[in-house]
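Student: Going down the list, the sequences are from chains A and B.
No gaps in the numbering here: position 22 of the first sequence is 187 in the numbering used here, and each next residue is one more.
No gaps in the numbering here: position 120 of the second sequence is 157 in the numbering used here, and each next residue is one more.
One structure coming up, written as structure tokens, with questions to follow.
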Amino acid sequence: MCLAIPAKIIKINGQLAIVDFQGAKKEINISIVDVKVGDYVMVHAGFAIEKMEKDNVKEINAYLKNGI
Amino acid sequence: MESKKIIKSIWEKAQKINRSLRFMELCGTHSESIAKHGIKNILPKNIKLITGPGCPVCVTDQSEIDIVTGLALAGIPIACYGDATNIPGSLGSLENARQNGAQVFIVYDVAEAIEISKKISNLVFWGIGFETTTSMTAWGIKNNLTVFSSHKLFPPAMEALMANKKIRVDGFINPGHVSAIIGTKVYEKFQIPQVIAGFGAEDVLLAIEMLLDQIISGEKKVENEYARLVKKEGNIKARKLISEVFEIRNASWRGLGEIKNSGLKIRKKYQHLDAEFIHRDLIAKIKKEIKPRKSICRCGEVLQGLIESKQCKLFGKSCTPDNPQGACMVSREGSCNIEYRFMSFP
């Protein structure tokens, strides 16, 4: 149940945002996080549950590449 | 390459400690990662990883399964996450109910449940899970979704585990995404080595090494391996949403029994969206009719790390992922299901 996938925010529309999961785009809910376009978030069951720290973008990209 | 270094270091440190150690991973997704990457096989013999009560479907109490299945059989449309449809109860599973004509919808997220509720009246979303999914259900309720809450809080379960003298644990691998919501401070009260970890193989290995470091130095603290996501204060916005919609109550956990202040009830303010309140008469009737299901399934003991799945007589014989006899075999995060899929066979 805790499986979550990191994604990059590409467009924000109120409580919703379009995110990019390594090429696949999906609309998610961002009402429980404070984010802007370009931020990375962890997505779980259609919600961004937390913003990922920018300092770790390299680490996040490796994570995306290798999968969970 | 990094993994190799960590494994080497784990072996050196484990040798230094030179006694048997039991670490419990508290999240089902950790259990899956451990099995998928064969981590148990590469650890020194004195480190044993045991699975805890971190699979929400597995810890859902029998009575709640029966009530929701009873509601479905009485004609109330139910929406829930996929895992929940196959847990067998005394009235069968939700999937059995669906096969008998009940309306049961599997959804990926709360938004999908809201969409269905616009077309199908009386729809009830069965909210299962810990703090991570609870915040989403809270959002759903604020957006007019009717909910039956089986939501639970994680830290009280850790407290119950630690109070059980039969369970010996030397350290916990704490859940990653639950911690993203509740933060790290909440664990500080537990006098035991703990590491919050991410879900990759390296994350888990690093968490094991960090637990060993704490044991060597005699420390009992909470460390955060998953700092790329988990913040000390957690997700305040999500917690605010949860407490706005839910209030704390006692809850029954499979295997652990009733744990004080470990469950979440919908607040009176949202009573008109609380399936427990709306269908209270029907629920009372279902409760009267439920006869406890007799089974020798040992899921409750597996969930506490008291036995391994293989020690249950049903495991791999009459109980398989295609024909689960108990909750631990149903969910892909259940320890029996994981053991069946990844481990060598009896």
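The beta carbon of each residue, even a glycine, is placed where N, CA and C say it ideally should be.
1. Helix, strand or coil for H188(B), going by three-state DSSP, please let me know.
2. Take every Cβ of the stretch 210–217 of chain B, pair it with every Cβ of the stretch 341–352 of chain B, and state whether three or more of those distances are shorter than 8 angstroms.
3. Would you tell me roughly how many angstroms separate the C-alpha atoms of F236(A) and F142(B), rounded to the nearest one?
4. For G203(A), decide whether its Cβ has a neighbour in chain B, counting only Cβ atoms nearer than 8 angstroms.
5. Could you say which of I273(B), I165(B), H74(B) lies nearest to G119(B) if we only look at CA atoms?
6. Mind pulling the chain A residues with CB within less than 8 angstroms of P148(B)?
7. Look at the alpha carbon of K156(B) and the alpha carbon of Q308(B), and state the distance between them as a whole number of angstroms.
8. Go through the stretch 75–120 of chain B residue by residue and report every complete run of the beta strand (DSSP E) that reaches 3 residues or more, in order.
9. Grouping DSSP H, G and I as helix and E and B as strand, with all else coil, what is I178(B)?
10. Let me know the secondary structure DSSP gives P383(B) once reduced to three states.
11. At what residues does the alpha helix (DSSP H) containing I43(B) begin and finish?
12. Start and end of the beta strand (DSSP E) containing I214(A)?
13. Which residues does DSSP pair with R59(B) in a beta bridge?
14. If you run the structure through DSSP and keep just helix, strand and coil, what is A264(B)?
15. Opposite G126(B) in the DSSP bridges: which residues?
16. Let me know the alpha helix (DSSP H) ranges lying completely inside the stretch 193–229 of chain B, each 4 residues or longer, listed in chain order.
17. Do the CB positions of K302(B) and E326(B) come within less than 8 angstroms of each other?
18. Tell me the DSSP bridge mates of Q231(B)?
19. From which residue to which residue does the alpha helix (DSSP H) around H67(B) run?
20. Please identify, using Cβ separations under 8 angstroms, the residues of the stretch 171–193 of chain A that lie next to chain B, in order along the chain.
Tutor: On the basis of the coordinates in this document:
1. Your numbering for residue 188(B) matches position 151 in the second sequence. Reduced to three states, the DSSP call for H188(B) is coil.
2. no
3. This structure cannot settle anything about residue 236(A), because the visible part of chain A is limited to 166 through 233.
4. Counting from one through the first sequence, the residue named residue 203(A) turns up at place 38. For G203(A), the answer is no, since every Cβ of chain B falls outside 8 angstroms of its Cβ.
5. Counting from 1 along the second sequence, the entry for residue 119(B) is found at position 82. Considering only alpha carbons, the answer is I165(B).
6. On the second sequence, position 111 is the one that residue 148(B) refers to. It should be noted that the sequence gives Ala, not Pro, for residue 148(B). In chain order: N194, G211.
7. As a first step, residue 156(B) must be located in the second sequence, where it is residue number 119. As a first step, residue 308(B) must be located in the second sequence, where it is residue number 271. Distance between the alpha carbons of K156(B) and Q308(B): 22 angstroms.
8. 84–88, 115–117
9. Here residue 178(B) is taken as the residue at index 141 of the second sequence, counted from 1. Looking at I178(B) - three-state DSSP - the assignment turns out to be helix.
10. The count along the second sequence starts at 1 and reaches residue 383(B) at position 346. Residue placement at P383(B) is poorly supported in this model, since its pLDDT is 48, which falls under 50; the coordinates are not used for a value here.
11. Here the question's residue 43(B) lines up with position 6 in the second sequence. 39–54 is the span of the alpha helix (DSSP H), which, as asked, contains I43(B).
12. What you label residue 214(A) is simply residue 49 of the first sequence in a count that begins at 1. Looking at the DSSP string, the run of the beta strand (DSSP E) that includes I214(A) is 212–216.
13. Stepping through the second sequence from its first residue, residue 59(B) is reached at position 22. According to DSSP, R59(B) bridges with K85(B).
14. Working through the second sequence from its first residue, we reach residue 264(B) at position 227. Looking at A264(B) - three-state DSSP - the assignment turns out to be coil, as it is neither helix nor strand.
15. Here the question's residue 126(B) lines up with position 89 in the second sequence. G126(B) pairs with G129(B).
16. 213–219
17. Position 265 of the second sequence, counting from 1, holds the residue named residue 302(B). Position 289 of the second sequence, counting from 1, holds the residue named residue 326(B). No. Outside cutoff.
18. In the second sequence, residue 231(B) corresponds to position 194, counting from 1. Answer by DSSP bridge pairing, in chain order: F209(B), V259(B).
19. Along the second sequence, read from residue 1 onward, the residue named residue 67(B) stands at position 30. Segment 65–73, the alpha helix (DSSP H) holding H67(B).
20. none
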